[in-house]
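Note sheet for the following structure.
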Amino acid sequence: MILLKDAKEILSLQGAALKKGRGIKNEDLSVLKNHSLIVDKEKICWIGELKKLPSDFKKKIKKEISLKNKVLMPTLIECHTHTVFAGSRSAEFEMRLQGASYQEISANGGGILSTQKAIDLISKAQLLNLTQKRVNQFVKQGVSVVEIKSGYGLDLKNEIKSLEILKQIENALVIPTFLGAHAVPKSFSSEQEYLNFLKLKVLPEVKKKKLSQRVDIFIEKGFFSKDVAREYLKHCQSLGFEITIHADQISLSGGSELACELGALSADHVIQLSEKEIKKISQSEVTPVLLPLADLYMRCAYPPARKLIDSGARVALASDFNPGTCPSQDVMMVGLLARLEMKMTLTEVIVAYTLGASYALNLQDQLGSIEVGKKALIAILEGDASDLFYSSTQNPISERFFQNKVQKLNSAEF
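Numbering (the numbering used here), first residue to last: 2 to 415.
As structure tokens, this is what we get:
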């Protein structure tokens, strides 16, 4: 057993967890002052004041770590990234700034299909090295859980290659998601033909090799339609996969509505929502994942976060790190934009990037708050919680507790 003692404050988020991440108020951070906690087998088994430490625990403590003047909180969770990719799409960024639309770039061989070519040319070892460096960049900012989607292979060989390397990533808990339905390759005549290929050839391999328990799809004009996606996602569910949807990013294309209909874990982007979709989401278990850093790069509207939250929805935040529409891993900037552009409170941002994100990944019983029985993945702050998501260039998270060790995040290890 390991004793983490003398913390100035612990942002336990126990109140937020009781409310399942909905209707969050400042008191739901459930701040514990001058508390300690005990970790056994990488799980929290006791939280309390040191003077009240039970004698049976005291006898079993093998190591004590003082965290005097430090603030503890649950690890940040990146619940939507496209971290496994090759190549650059910097030229497309300039094209967008000159007025080209996302669909126009894609129709001319750019966008997702451009990255598909790059990933086909790179070796597995090179792809692993690139991806590990990017994961380390997240880790340095206080993220110990990273969801990573495939979706740039778009064929059997490269989709499997992308997912297989994720099993070798170190320094973080990686949650792989199969996003074969990211775009239709030029070798297929229709979205239906390509989805049939995924169903017959790729999904069986993903399942057989246990490469992912999650499936995603991009529902948007020029990509996959709601009706065709419904059949595909139902098939995925019949195989035991959890589902999530890229929904209503560029147009109101039915992704959020389908997420509610099928009981998806999350609907991500959710920019183009009507009052009807907002009501449906708020009354469902679907977690809308908000990606304001991608919206900044796309120069588009931001999701109606306030309406979603005030209607009772549980929201999550993530970066959407990818080579085309969000080539940035700036976690503090994500939260800063949520505060500046989506009018979220600091408390709402903290909960969205921890507990809300855990719900988007169906990990709420293991992560998202500091409670007995949950995994001991903890961010350690040098300053105060009020310093979070305040500056895009300064991050108060200086250390983390991960795999039974306190690690300095500016070390050469990352």
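No residue lacks a Cβ here, since even glycine has one placed at the ideal position from N, Cα and C.
Close-in-space but distant-in-sequence residues of the same chain around residue i (CB under 8 Å, 5 per side omitted)
i	result
Glu-43	Lys-376, Ala-377, Gln-404 and Asn-405
Val-229	Glu-192, Gln-193 and Leu-196
Ile-62	Met-2, Ile-3, Leu-4 and Ile-39
Asp-388	Leu-382, Gln-395 and Pro-397
Asn-27	Thr-346 and Thr-348
Phe-462	Limits of the chain in this structure are 2 at one end and 415 at the other, which puts residue 462 out of reach.
Lys-20	Asp-29
Arg-97	Tyr-103, Ile-106, Met-299 and Arg-300
Leu-393	At residue 393 the sequence reads Ser, which differs from the Leu that was named. Taken in chain order, the residues that qualify are Asp-331, Met-333, Met-334 and Leu-337.
Trp-47	Leu-38, Ile-39, Leu-54, Pro-55, Phe-58 and Val-373
Nearest-angstrom Cβ-Cβ length linking residue i and residue j, presumed shorter than 8 Å
i	j	result
Ile-78	Thr-355	6 Å
Thr-132	Ile-161	Contact flag wrong, Cβ pair sits at about 15 Å.
Glu-278	Ser-254	Wrong, their Cβ atoms sit about 11 Å apart, outside the cutoff.
Gly-223	Gly-181	Actually they are not in contact, since the Cβ atoms of Gly-223 and Gly-181 sit about 17 Å apart, beyond 8 Å.
Ala-306	Val-316	6 Å
Leu-259	Gln-238	Not a contact, Cβ separation roughly 12 Å.
Asp-385	Val-32	Not really, about 11 Å apart at Cβ, beyond 8 Å.
Val-350	Leu-318	7 Å
Val-207	Leu-164	7 Å
Gly-16	Asp-29	4 Å
Gly-336	Leu-14	In fact, because the Cβ distance is near 15 Å, the residues do not count as touching under 8 Å.
Val-203	Leu-157	5 Å
From the options, residue whose alpha carbon lies closest to that of residue i
i	options	result
Val-175	Ser-359, Asp-388 and Gly-325	Ser-359
Thr-84	Leu-253, Ala-361, Pro-177 and Asp-311	Pro-177
His-247	Gly-241, Ile-48, Val-216 and His-236	Val-216
Phe-219	Ile-25, Ser-267 and Pro-293	Ser-267
Asp-436	Ala-8, Ala-18, Ser-13 and Lys-6	A question about residue 436 goes unanswered here, because the residues of the chain that appear run from 2 up to 415.
Val-185	Met-343, Leu-155 and Leu-410	Leu-155
Ile-45	Gly-374, Tyr-233 and Lys-409	Gly-374
Lys-9	Lys-21, Ser-320, Gly-49 and Ile-170	Gly-49
Met-343	Leu-240, Ala-101, Ile-272 and Ala-92	Ile-272
Ala-87	Ser-107, Gly-22, Ser-124 and Gln-169	Ser-124
Cys-80	Leu-292, Pro-324 and Tyr-303	Leu-292
Asp-321	Met-299, Arg-340, Leu-341 and Ile-310	Met-299
Arg-90	Lys-409, Pro-324, His-36 and Met-334	Pro-324
Tyr-391	Leu-368, Asn-70 and Leu-341	Leu-341
Ile-11	Leu-338, Ala-302, Glu-372 and Arg-231	Glu-372
His-183	Ala-361, Ile-66, Glu-232 and Gln-117	Gln-117
Phe-179	Gln-214, Ile-170, Lys-209 and Lys-202	Gln-214
Lys-52	Glu-65, Gln-169, Ser-67 and His-36	His-36
Asp-269	Asp-249, Ile-310 and Val-332	Asp-249
Ala-265	Leu-122, Val-352 and Ala-361	Ala-361
Lys-187	Val-352, Lys-59 and Ala-108	Ala-108
Ala-295	Val-332, Leu-201 and Thr-245	Val-332
Gly-22	Thr-326, Ile-310 and Phe-58	Ile-310
Glu-148	Glu-95, Ser-115, Leu-212 and Ala-119	Leu-212
Arg-407	Leu-68, Ser-115, Ser-329 and Pro-55	Arg is not the amino acid found at residue 407; the sequence shown has Val there. It is Leu-68 whose Cα lies nearest to the Cα of Val-407.
C-beta neighbour in chain B for residue i, strict 8 Å
i	result
Gly-223	Of the protein chains in the structure, only one exists, and it is not chain B.
Contacting residues, own chain, Cβ-Cβ under 7 Å from residue i (five flanking each side not counted)
i	result
Asn-172	Val-136, Asn-137, Val-140 and Phe-415
Ser-145	Thr-76, Ala-173, Leu-174, Leu-378, Arg-401 and Phe-403
Leu-297	Leu-338
Sequence-distant residues of its chain with Cβ nearer than 6 Å to residue i (five each side left out)
i	result
Ile-398	Gly-143, Ala-380 and Leu-382
Ser-283	Ser-312, Gly-313 and Ala-314
Gly-111	Glu-93
Lys-308	Ile-279
Lys-281	Cys-261
Val-74	Just to set this straight, residue 74 is Met in the shown sequence, not Val. Same-chain partners within the cutoff: Leu-12 and Ala-380.
N-terminal and C-terminal residue of the beta strand (DSSP E) that residue i is part of
i	result
Phe-179	174-182
Leu-77	77-79
Lys-64	64-67
Arg-401	398-403
Ser-89	It is not in any beta strand (DSSP E) - Ser-89 carries neither H nor E in the DSSP assignment.
Glu-10	10-12
Leu-33	32-34
Gln-408	406-409
Ser-37	37-41
Lys-6	3-6
Limits of the unbroken alpha helix (DSSP H) element including residue i
i	result
Leu-164	157-167
Val-140	125-140
Ser-359	358-361
Pro-205	204-209
Leu-51	Here Leu-51 belongs to no alpha helix (DSSP H), and DSSP marks it neither H nor E.
Ile-120	113-122
Ala-17	15-19
Ile-381	Note, Ile-381: premise wrong, no alpha helix (DSSP H); beta strand (DSSP E) at 379-382.
Ile-149	Unbroken run through Ile-149 is the beta strand (DSSP E), 144-150; no alpha helix (DSSP H).
Gln-104	103-108
Leu-196	192-198
Practice task
May I have a chain-ordered list of the beta strand (DSSP E) segments no shorter than 3 residues that lie completely inside the stretch 325-354?
Solution key: none
Exercise for the section: Return the chain-ordered ranges of every alpha helix (DSSP H) run that is complete within the stretch 219-281 and spans a minimum of 4 residues. Expected result: 227-239 and 256-263
Practice task
Kindly provide the ranges of any beta strand (DSSP E) runs that are 3 or more residues long and lie completely inside the stretch 281-318, ordered along the chain.
Solution key: Within the stretch 281-318, complete beta strand (DSSP E) segments of at least 3 residues are found at 288-291, given in chain order.
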